[in-house]
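Enquirer: Below is the structure I would like to discuss, written out as structure tokens.
Residue numbers (the working numbering): 2 to 87.
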């Protein structure tokens, strides 16, 4: 019975830790992966560094963005933060 009193708080702490920290982070990572897998040419995007551009081409690892003056810049695919709607 003494063992149960010692283990139960540890199990509860792990469960709280999982539901408050680990699970939300996994959901966020899944959403980012889905967004990056659904990219299409012409999408308006924002990079992690805050650069706004239009997706000009895409392959497995890299993307090419067309920015304001028509300049094309190459980035890692993972550097996309979000797709802008509209």
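Virtual Cβ for every residue (Gly too), placed ideally from N, Cα, C.
Going along the chain, which residues of its own chain have a beta-carbon closer than 8 Å to the beta-carbon of residue 43, five neighbours each way excluded?
Expert: 55 and 56
Enquirer: Let me confirm a value: residue 8 is counted as buried when at least 16 other C-beta atoms fall within 10 Å, else exposed. Which label applies?
Expert: It is exposed - the Cβ of residue 8 has fewer than 16 other Cβ atoms within 10 Å.
Enquirer: Let me check one thing: in DSSP terms, what residues is residue 75 bridge-paired to?
Expert: 65
Enquirer: Exposed or buried, what is residue 23 when buried is set at 16 or more other beta-carbons lying within 10 Å of its beta-carbon?
Expert: exposed
Enquirer: Tell me whether residue 21 is buried or exposed, calling it buried when 16 or more other Cβ atoms sit within 10 Å of its Cβ.
Expert: exposed
Enquirer: Does the distance from the CB of residue 83 to the CB of residue 59 come in under 8 Å?
Expert: Cβ atoms of residue 83 and residue 59: not closer than 8 Å.
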